[in-house]
Amino acid sequence: MDEPQTLRTLGSSSTLRVPAFDMPERAGAVDLAEELQRAGRELRGGRHEEQVPVLREFADGEVPLSLEYASYEDGLIEDARANIAAGDVELALAQLDEVLDLVPGHHEARYLRSYCLLSRGDELAALTELESLRADRPDPELGERLLELRATLRGRLTDRLVAHPDEEALADYLSLVPEEGRCWLQLALQRAQRGDLSGAAATAYAGAADADAEADRRELARLGYQLRLHLLRALAPRFVEPLHEGAYGTALGALRRLGRDWDGFEPIDDLTAYIVATRRFGPGRPELPPDRADVLYDLLAGNDLDLAGAHLNEGRPEQAVHLTRRSVRLVPTDPCSNFMLAVCLLTTDGDLDEAEAAARVARTDERLTSAGDLLGVVALRRLDRKAAAIRTFVGDLADCRPPRIQEALRRTRALHTEAERSLRTIGGPLRDQLTSLLDVLAENAVQLELALVVAELTRVVKAGRHRGMRAELDGLIRRCADLRAQTRKADTLLAISQIEGQARMMRERV
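Counting the sequence shown from 1 gives a position; the numbering used here is that position plus 5.
This is how it looks when you write it as structure tokens:
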């Protein structure tokens with residue numbers, strides 16, 4: 006996928022807030038720019054462990070002392086050897102060209118000519134000469150020397166082309182040395198960086214087939230896969246949009262029309278199998294290993310999730326809810342789609358049962374460490390909504406009758422008990438929020454108790470002097486003292502003091 010989508014902080018109808026969440030990367034699909042950079046680092050790291058052979062030197066002792074040769078061209082060959090040993094490469098080249106004029110296919114002359122071209126720095130021409138000679142199958146002794154020289158040429162040219170890449174030169178070189186995986190990788194990177202992703206993918210796969218080093222084959226296969234996956238993701242609307250409409254045949258036709266170049270690409274096979282199964286049984290869990298299922302989910306839902314994340318960041322969560330809902334309908338077992346749906350529902354203060362169900366699916370993916378926090382948010386929201394319902398139920402305390410206040414107090418205490426139970430399972434920042442909610446509920450309970458004291462005091466006053474009045478007032482004074490110990494809120498403490506003062510004043514008059 007693209008850069009992990011940073012989500013906005015979730016809001017709430019109350020003072021509750023939820024931490025921001027990040028989407029993890031899918032297992033099989035990575036950011037293409039990062040993949041190209043990683044492949045470039047691997048390439049520059051030079052994975053070859055074998056030593057590049059040093060160019061063999063011709064010693065004077067290798068030149069025969071006799072001036073009698075079997076043929077004129079043999080004499081020219083030995084003269085060329087002597088000049089190579091003496092460092093006179095240009096003269097040696099002239100002598101070798103004369104030999105090749107006389108005997109165009111002369112193996113030794115062609116080998117020595119390649120050696121001379123390398124000595125004067127014309128490596129590609131030397132390699133071209135050498136490859137032509139290899140095709141003629143020289144005798145074993147010369148063949149061994151030829152391979153040594155070719156290894157030297159390969160080492161020098163590969164290092165140069167990797168350090169200073171040129172697309173045309175790389176292609177020319179690979180036509181001569183198709184097993185050089187590092188140059189295949191460099192050529193694929195060059196093509197990808199100029200935007201030819203299709204050509205880059207084909208290059209990477211060709212290199213994976215020809216490279217002689219296992220590390221290079223592995224690296225090229227990985228790059229080719231990621232390039233093709235990136236291309237397929239861009240084409241995904243062709244087969245995903247029909248699926249949202251239930252047009253399974255249209256979606257399968259869109260996959261077939263991608264062309265033969267896509268035959269055998271594993272994600273295409275997985276998509277086809279999933280669509281066929283969905284048409285028969287409805288959306289469900291794909292019968293795939295986790296990494297392949299991840300790729301399938303990304304192809305079917307990734308574009309919608311990217312857009313939903315953008316909507317969230319831009320403050321348009323309602324549009325995000327629509328996109329994530331339809332993704333979950335298409336791939337109901339995708340943890341990332343469910344995670345995003347839960348986030349969107351909580352952002353819009355949506356259905357908590359739906360959000361909880363989505364968060365539970367998200368929690369099946371251990372990479373989504375925040376999924377448990379989402380479940381905590383759902384629990385908090387439920388408590389918060391119940392608290393809001395109590396506040397609505399109570400209304401203006403001044404107009405409430407004792408039975409209504411007592412019912413509100415019962416609900417508040419029950420909610421406080423439920424919140425305390427939730428505190429045992431919720432951790433992190435959400436625990437702080439739940440603790441704050443507990444404080445609010447405790448304060449509400451004190452205020453409701455105080456409202457009952459006020460109602461009782463009013464009843465006592467209206468009843469006038471009567472037997473037991475002193476005891477009733479003493480009881481109200483004790484209740485005020487108990488309530489004072491349960492709160493730290495200044496205005497509540499002031500109200501308690503005022504009510505207690507009125508009760509004491511009346512008691513003194515009795």
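In this text, a Cβ means the ideal position worked out from N, Cα and C, and glycines have one as well.
Opening and closing residue of the alpha helix (DSSP H) in which residue i lies
i, result
"V182", "V182 -> no alpha helix (DSSP H), and no H or E assigned at all."
"G50", "37-50"
"T283", "271-286"
"R368", "Careful: R368 lies outside any alpha helix (DSSP H) and carries neither H nor E."
"Y483", "A small correction: the amino acid at residue 483 is Arg; Tyr does not occupy that position in the sequence shown. Per DSSP, R483 belongs to the alpha helix (DSSP H) from 474-489."
"T255", "253-261"
"D84", "77-91"
"E146", "145-168"
"L293", "Element bounds for L293: n/a, residue is neither H nor E."
"R142", "Note, R142: premise wrong, no alpha helix (DSSP H); not H, not E."
"D496", "495-514"
"H327", "322-335"
"T352", "340-352"
"G229", "219-240"
"D106", "94-107"
"S119", "112-124"
Residue i versus the options, residue with shortest Cα-Cα distance
i, options, result
"A119", "L107, P109, L101", "The displayed chain sequence assigns Ser, not Ala, to residue 119. Ranking the options by Cα distance to S119, first place goes to L101."
"G320", "T353, T338, R331", "T353"
"G287", "H249, L328, P294", "H249"
"A130", "D177, A241, R489", "D177"
"D496", "R509, L462, Q452", "Q452"
"E128", "L158, A99, H112", "L158"
"D164", "R489, G186, D144", "G186"
"R196", "L240, L41, T338, E271", "L41"
"E271", "A239, L304, A363, T255", "L304"
"A213", "D201, A206, A226, A205", "A226"
"A206", "V300, V108, L37", "L37"
"G258", "R390, T277, R386", "T277"
"D525", "A239, S375, P291, L488", "Because the chain is modelled from 6 through 515, residue 525 falls outside the range shown and cannot be assessed."
"K467", "M511, T492, L442, G506", "M511"
"D106", "A44, C121, F344, I82", "I82"
"G355", "D144, R386, G289, G200", "R386"
"G50", "L190, R334, N343, L154", "L190"
"D444", "E461, E425, L455", "E425"
"L232", "R372, T492, E39", "E39"
"I504", "Y279, R199, T463", "T463"
"V245", "R223, R365, R334, H169", "R334"
"T329", "A313, N318, L317", "A313"
"R514", "S441, G251, D144, R470", "R470"
Beta-carbon gap between residue i and residue j smaller than 8 Å
i, j, result
"E172", "L194", "no"
"E208", "Y253", "As written in the sequence, residue 208 is Thr, which differs from the Glu given in the question. Contact flag unset, no."
"L162", "Y116", "no"
"S137", "V94", "no"
"E184", "D217", "yes"
"Q411", "L446", "no"
"A114", "V104", "yes"
"E361", "L388", "no"
"C188", "L166", "yes"
"D275", "L293", "yes"
"A306", "V281", "no"
"T255", "P247", "yes"
"D339", "Y302", "yes"
"L1", "L498", "Residue 1 lies beyond the stretch modelled for the chain, which goes from 6 to 515, so this question has no answer here."
"A450", "T417", "yes"
"L228", "A44", "yes"
8 Å contact criterion, which residue i and residue j should meet: CB distance rounded
i, j, result
"C349", "V326", "4 Å"
"L175", "S203", "At roughly 18 Å, the Cβ-Cβ gap does not stay under 8 Å, so L175 and S203 are not in contact."
"L179", "L132", "So it is not a contact: roughly 11 Å between Cβ atoms."
"A508", "L478", "5 Å"
"A347", "A363", "4 Å"
"H111", "E78", "7 Å"
"N343", "A315", "That belief does not hold up - the Cβ atoms of N343 and A315 are roughly 19 Å apart, past 8 Å."
"P295", "Y279", "The Cβ separation is near 15 Å, so there is no contact."
"L234", "V300", "7 Å"
"R155", "L135", "5 Å"
"E47", "E224", "6 Å"
"V382", "L351", "6 Å"
Residue-chain proximity (residue i, chain C), Cβ-Cβ < 8 Å
i, result
"L462", "Judged by its chain identifiers, the structure shown contains no chain C, having just a single protein chain."
Proximity test, residue i beta-carbon vs the ligand NAP heavy atom, cut-off 7 Å
i, result
"E423", "With respect to the ligand NAP, the structure shown offers nothing to examine, as it has no ligands at all."
Requested in this report: Tell me the start and end of each unbroken beta strand (DSSP E) in the segment 176-216 that is at least 3 residues and wholly inside, in chain order.
Outcome: none
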